[in-house]
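Structure first, then comments.
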């Protein structure tokens, strides 16, 4: 019961698999759901009934670690029954349906779902069976069509792949995670002064070693080296390492 | 040959599967690639070799309609060989690696890749094997880490699912106008092979100059230097300049 409670407390959309044919896809759906913070799976007329001696086992095997979502999945006879308590439904479909209904990308749909869920609405996403997709009647009853943009010459995402993309976009929209940038951790970025010190050290040694054959070329070359150091975003430790390397390279054993 | 030509004309990133274990995943990768406009698959040391009587057949079965990508897949012995001709590599990994290297979301990474590919750079994305993921060495040599944001309590996307997400984001980014990134102008980015050549040159000279006092510290130091070169995003001219600098610094006037 604890699991069930948790699932109903989760504001994320319910995933509704209409006439799923393979236990593996039900398990893969549970796994993708859990990866991206969703937890409610509904099955409309799954092949062979539910639970099913073989399909349920295959689903549990595939779910690896997301078994509680498979166990809590509810089966329904028809789509209307499965969506009865929801406020908004989205139909995932690749085929154009020529219906006067919003057709959104997964990203747009996820942003809309996040707003709806945040506002307390109960949302569901409908996925059709592997080969045929959702029937027109189910699409017609949905509020929004979601179509994943793909190569126009080849669009054959299966239900598990489509579901990963939609769950992924849900998680992005719900959390809007920021990137970490370069994780310097405890490393301290070098100051401009340290980088200049390194540059002067190197240029001094290059002068000693007659590297700048043509005096007029020198400023350009120094600029390029400076640029490269700056682009690298050196840490203070890296500046020390590079200076140690320069000392090692020029050392001639004359202590 | 027509297919091969087409693949090499495609500016999209190459997908590099490192030590893939299952033919099914190779097939699923081909299918996801084709759905989202990518076409080049590289295999590093696939289990049992490649082509393989059973794995290749399973890959072809799974690829359904994307078989030409499986057929054109090239196998390599080691990662370095598989990325030698590329300019930028991305490592897909869920685990934090504590390396001083950009960690981007798939969306951010895709925007950056789109800018790079539009600018003529050859890009690759590395995926590790199912259970263990990429080894540290492969991550270390990559320019960027890509981590898919997931439920912190459950992150078990398999390689096929991760690949769908990255290919999906690539397609979105490629069909959207992107910023230019670092404007290299007419400068040509260094290939991975050129950067490795520079690193080996420097390490060789440092060995000669007795820089690595403690042998056990050497791998870590070399790793740090490699990292810094990679972060800098060197051009081929800069690699030549740095090698000239090393030669100048070690020169003792003994012509």
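Residue numbers (this note's numbering), protein chains in the order written: chain A, 5 to 259; chain B, 5 to 259. Idealized CB from N, CA, C, for every residue including glycine. Please read these numbers as outputs of a predicted model, since none were measured by experiment.
- Bounds of any alpha helix (DSSP H) do not take in residue 94/B; it lies within the beta strand (DSSP E) bounded by 92-96.
- Between the stretch 62-78 of chain A and the stretch 25-35 of chain A, the count of Cβ pairs shorter than 8 Å is three or higher; the stretches touch.
- For the C-beta of residue 80/B, not a single chain A residue is nearer than 7 Å; the gap to the nearest is close to 26 Å.
- Here DSSP, grouped into helix, strand and coil, assigns residue 195/B to coil.
- An exposed status is given to residue 224/B, since fewer than 16 other beta-carbon atoms sit within 10 Å of its beta-carbon.
- Here residue 128/B carries a strand assignment [DSSP, helix/strand/coil].
- Annotation for residue 172/A: the continuous alpha helix (DSSP H) segment containing it runs 163-179.
- About 6 Å separates the CB atoms of residue 128/A and residue 17/A; that is less than 8 Å, so the two are in contact.
- A distance of 8 Å or more separates the beta carbons of residue 175/A and residue 199/A.
- Here the C-alpha atom of residue 135/B lies approximately 38 Å from the C-alpha atom of residue 125/A.
- Within the same chain, and ignoring the five residues on either side of residue 231/B in sequence, the residues whose Cβ sits closer than 8 Å to its Cβ are 103, 104, 105, 144.
- For the 8 Å CB-CB criterion, residue 147/A and residue 107/A do not form a contact.
- Two segments are said to touch when three or more pairs of C-beta atoms, one from each, lie closer than 8 Å; by this definition the stretch 44-59 of chain B touches the stretch 76-91 of chain B.
- For residue 138/B, no beta strand (DSSP E) segment is defined, and its DSSP state is neither H nor E.
- Beta-bridge annotation (DSSP): residue 60/B is not paired with any residue.
- About 5 Å separates the beta carbons of residue 194/B and residue 238/B, which is inside the 8 Å limit, making them a contact pair.
- Counting the other CB atoms within 10 Å of its CB gives residue 149/A a total of 16 or more, which places it among the buried residues.
- For residue 38/A, the chain B residues whose Cβ falls inside 7 Å of its Cβ are 155, 158, in order along the chain.
- Among the CB atoms of chain B, one or more fall inside 8 Å of the CB of residue 250/A.
- In this structure, residue 97/B and residue 137/B form a Cβ contact; the two beta carbons are roughly 6 Å apart against a cut-off of 8 Å.
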